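Colleague: My questions will all concern the structure given below.
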Amino acid sequence: MIHQYKSNGFNIVLDVESGAVHIVDDVAYDLIPLMEERPDIDIREAASLTGNKYGEEELKEAISEINRLREEGTLYAKDIYEPYVDKFSESKAKDPVVKAMCLHIAHDCNLRCKYCFAEEGEYHGRRALMSFEVGAKALDYLIEHSGNRRNLEVDFFGGEPTMNFEVVKKLVEYGRSKEKEFNKNFRFTLTTNGVLLNDEMLEFANKEMGNLVLSIDGRKEVNDRMRPTATGTGSYDIILPKFLKAAELREQKNYYVRGTYTHYNRDFAADVLHLNDLGFEQISVEPVVCDPKEPYALKEEDLDTLLEQYDILAEEVIKRRKSGKFINFFHFMIDLKGGPCIAKRLSGCGSGGEYISVTPWGDIYPCHQFTGEEKFLMGNVFEGIKNDKIAALFASSNVYTKEECKACFAKFYCSGGCAANSYHATGDINGNYTLGCTLQRKRIECAIMIKAALADEEDFNDKQENTSIAAD
Amino acid sequence: MKHIRTLNTRDYKKSMAKGGCGECQTSCQSACKTSCTVGNQSCENKKR
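Those protein sequences? They're chains S and U, same order as listed. Residue 305 in my numbering sits at position 305 of the first sequence, with consecutive numbering throughout. Residue 1013 in my numbering sits at position 13 of the second sequence, with consecutive numbering throughout.
Below, the structure written as structure tokens:
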């Protein structure tokens, strides 16, 4: 499948099944769709079908180049992966491996964020803090079910994990004490709203957390509207100095400031740039996911504005990087050369299989977004997986089980998208959250355009994008 | 080539041979939590 588009002065052609990205001139751009089924196209016919805009010589050259790429397998490559993914899914179902865990260390929160899918930390359930015993059992479960995987990821999540920080510290110590014996390497992440973050916590996080996710939405008025404290005052002034300190102490690596944009700030590019202007270099700002009836929900009629915002942001990212001011926007990150293998691209985020979430009392769910939805309760860390049907459903879900994904150019970048978003939008994890898909496709187009624009920049590789991969 | 410039990308077909080691980062452990960002991740297979 070919996907071609024009962006910021570039003609871009994606050969979806090989993963190749071509930057082409106008004549090649016009010829590529015409030649998919016609490698031996006649020059006169090519001239006529392209509106007699091009000379014979340039048509000949472009035809020859297109056919060369066809022979090399980087243009018009066929989709050969469906049998491969079937084999892969069978082995996943037969021999499941867990390698990443979202540990709900606190189902409680000291902010009252209006869009919170965790419902102020409670996840449709009760307020609770995870005990060390449950957490240790969860880490044991992870080690025991991780097979040959060496790198194990644990995200201390909530609610707000700093409300139970002593347990976080003890669990890190416990995990580290098991690494050598089982030949594992724990990569810990802390996701925090920053309210309780203090110097001691930061010091601990810098020593032990491979990644730190700091929640802030952008401009003060935007943040404070959606992220108030329990008394209704804004959180921006409380958290900002702490986050700036955290970013500085981490030398602008292995962290993200992470925000959510809603219907209220459709001009979200300004929030991303505001965060960069404040001094943050690693930034993620994502579309809100919520009940469409909420007043802050994104709507179909917002799409034109939102797509334009990504264009504005992409152009500004290029401008800033070229001028020597670094900014990494998480959703424009794309590793073309060293990105995931096709097996990973087909199988997605791993929710309900490689990736699970664990509640404060030890229940296992397919991921943090399913936590508390009893239908998706898989088991617990004491007795293991009890609901094999849920495990099998997630193991069998991939790009090819989603009808609408098969024909989408983005399928090997988003891997079929988020199962929770699909479920919440359509009632089926193999459905499609169409609004999210439209935004995702736009982000991929922008990300690739940025690669094209910066490909010649000598300084592009001097400062790398945040990979969030901690050193072993 | 005069009309086409190809960016350096990973060949998916070739990655079938040694892919699937599973050592790479889970996308939701990075910074998303509400979308799927597999394409953002880097391969960590040292033998690829």
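Virtual Cβ for every residue (Gly too), placed ideally from N, Cα, C. The structure displayed is predicted, hence computed values, not measured ones.
Please report the Cβ distance between S:Phe330 and S:Val317, rounded to the nearest whole angstrom; I am assuming they are in contact, meaning their Cβ atoms lie under 8 Å.
Modeller: At roughly 12 Å, the Cβ-Cβ gap does not stay under 8 Å, so S:Phe330 and S:Val317 are not in contact.
Colleague: Quick check on the DSSP output: the alpha helix (DSSP H) that includes S:Tyr81 runs from which residue to which?
Modeller: Where S:Tyr81 is concerned, there is no enclosing alpha helix (DSSP H), given that its DSSP letter is neither H nor E.
Colleague: Since S:Gly348 contacts S:Ser415 with CB under 8 Å, what's their CB separation in whole angstroms?
Modeller: Confirmed, about 4 Å.
Colleague: Using only alpha-carbon positions, find the residue among S:Phe88, S:Ala420, S:Thr191 that is nearest to S:Gly372.
Modeller: When only C-alpha atoms are compared, the closest one is S:Ala420.
Colleague: Considering S:Val134, what are the terminal residues of the alpha helix (DSSP H) in which it resides?
Modeller: Start and end: 132-144.
Colleague: When we look at the beta-carbon of S:Lys245 and count the other beta-carbons within 10 Å, is it buried (16 or more) or exposed?
Modeller: Under this definition S:Lys245 is an exposed residue.
Colleague: Would you tell me roughly how many angstroms separate the C-alpha atoms of S:Asp472 and S:Asp302, rounded to the nearest one?
Modeller: Residue confidence is low: S:Asp472 scores 37 on pLDDT, short of 50, so the model does not pin down where it sits. Its coordinate-derived value is still stated next. Cα-Cα distance, rounded: 43 Å.
Colleague: According to DSSP, is S:Leu214 helix, strand or coil?
Modeller: Of the three classes helix, strand and coil, the one that applies to S:Leu214 here is strand, per DSSP.
Colleague: Among S:Leu249, S:Tyr256, S:Val134, S:Phe186, which has the Cα closest to the Cα of S:Asn193?
Modeller: Looking at the Cα atoms, S:Tyr256 is the closest of the given residues.
Colleague: Compare the C-alpha of S:Gln369 against each of S:Asp267, S:Ser397, S:Phe117 and name the closest.
Modeller: With distances taken between Cα atoms, S:Gln369 lies closest to S:Phe117.
Colleague: Have a look at S:Val97 and S:Gly147 and give me their C-alpha separation to the nearest angstrom.
Modeller: Distance between the alpha carbons of S:Val97 and S:Gly147: 6 Å.
Colleague: Quick check: the Cα distance between S:Thr359 and U:Ala1031, rounded to an integer number of angstroms?
Modeller: Answer to the nearest angstrom: the Cα atoms are 20 Å apart.
Colleague: List in chain order: all unbroken alpha helix (DSSP H) runs of 4+ residues lying wholly within the segment 301-349 of chain S.
Modeller: For the segment 301-349 of chain S, whole alpha helix (DSSP H) runs of length 4 or above, ordered along the chain, are 303-322, 342-347.
Colleague: Classify S:Gln252 as helix, strand or coil using the three-state DSSP reduction.
Modeller: Three-state DSSP puts S:Gln252 in coil, outside helix and strand.
Colleague: I'd like to know whether the C-beta of S:Met130 is nearer than 8 Å to at least one C-beta of chain U.
Modeller: Not an interface residue.
Colleague: In the segment 323-342 of chain S, which residues sit with their C-beta less than 8 Å from some C-beta in chain U, listed in chain order?
Modeller: Those would be Phe330, His331, Met333, Ile334, Asp335, Leu336, Lys337, Gly338, Gly339, Pro340, Cys341, Ile342, in chain order.
Colleague: On the criterion of 16 or more Cβ atoms from any shown chain inside 10 Å, does S:Pro340 qualify as buried, or is it exposed?
Modeller: Buried, because 16 or more other Cβ atoms sit within 10 Å of the Cβ of S:Pro340.
Colleague: What first and last residue would you give for the beta strand (DSSP E) that runs through S:Tyr355?
Modeller: Start and end: 355-358.
Colleague: Classify S:Arg68: buried if its beta carbon has 16 or more other beta carbons within 10 angstroms, exposed otherwise.
Modeller: The residue in question, S:Arg68, is exposed, as its Cβ has fewer than 16 Cβ neighbours within 10 Å.
Colleague: Who pairs with S:Asp155 in a beta bridge, going by DSSP?
Modeller: Answer by DSSP bridge pairing, in chain order: S:Cys102, S:Thr189.
Colleague: So which residues of chain U does S:Ala20 contact, with C-beta pairs closer than 7 Å?
Modeller: Those within 7 Å of S:Ala20 in chain U are Thr1006, Thr1009.
Colleague: How should S:Tyr363 be labelled, buried or exposed, when 16 other C-beta atoms within 10 angstroms of its C-beta is the threshold for buried?
Modeller: Note that residue 363 of chain S is Asp in the sequence shown, not Tyr. Buried, because 16 or more other Cβ atoms sit within 10 Å of the Cβ of S:Asp363.
Colleague: Beta carbons nearer than 8 Å to chain U: which residues of the segment 55-71 of chain S have them?
Modeller: Of all residues in the segment 55-71 of chain S, Glu58, Glu61, Ala62, Glu65, Ile66, Arg68, Leu69 have a Cβ within less than 8 Å of some Cβ in chain U.
Colleague: Name the DSSP beta bridge partners of S:His107, please?
Modeller: In the DSSP output, where bridge partners are listed per residue, S:His107 has S:Ala128.
Colleague: Cβ-heavy atom distance between S:Glu173 and the ligand GTP below 7 Å?
Modeller: The ligand content of the structure shown is nil, which means the ligand GTP is not present either.
Colleague: Between S:Asp155 and chain U, is there a C-beta pair that is closer than 8 Å?
Modeller: Chain U, which has a Cβ nearer than 8 Å to the Cβ of S:Asp155, makes this yes.
Colleague: On a CA-only basis, which of S:Glu120, S:Arg187, S:Lys114 is nearest S:Ala106? Give me that one, please.
Modeller: Here the closest residue by C-alpha is S:Glu120.
Colleague: Can you check DSSP and say which residues form a bridge with S:Ile12?
Modeller: The partner list for S:Ile12 (beta bridge, DSSP) reads S:Tyr5, S:Ile23.
Colleague: Spatial neighbours of S:Arg225 within its chain, please: C-beta separation below 7 Å, excluding the five flanking residues on both sides.
Modeller: Counting only Cβ-Cβ distances below 7 Å, and skipping sequence neighbours, we find Tyr264.
Colleague: Between the alpha carbons of S:Gly350 and U:Thr1026, how many angstroms are there, rounded?
Modeller: So the two alpha carbons sit approximately 7 Å from each other.
Colleague: Alpha carbons only, please: which of S:Asp15, S:Ala391, S:Glu383 is nearest the one belonging to S:Lys375?
Modeller: With distances taken between Cα atoms, S:Lys375 lies closest to S:Ala391.
Colleague: Answer with buried or exposed for S:Ala230, where buried requires no fewer than 16 other C-beta atoms within 10 angstroms of its C-beta.
Modeller: So S:Ala230 ends up on the exposed side.
Colleague: Alpha carbon to alpha carbon, what distance is there between S:Met163 and S:Pro228?
Modeller: Taking the straight line joining both Cα atoms gives about 17 Å.
Colleague: Less than 8 Å between CB atoms is the rule here; does S:Phe370 satisfy it with respect to chain U?
Modeller: No, its Cβ sits nowhere closer than 8 Å to a Cβ of chain U.
Colleague: For the alpha helix (DSSP H) that contains S:Val172, what are its first and last residues?
Modeller: Residues 165-182.
Colleague: In whole angstroms, what is the alpha-carbon distance linking S:Ala270 and S:Ala136?
Modeller: If you take the alpha carbons of S:Ala270 and S:Ala136, they lie about 42 Å apart.
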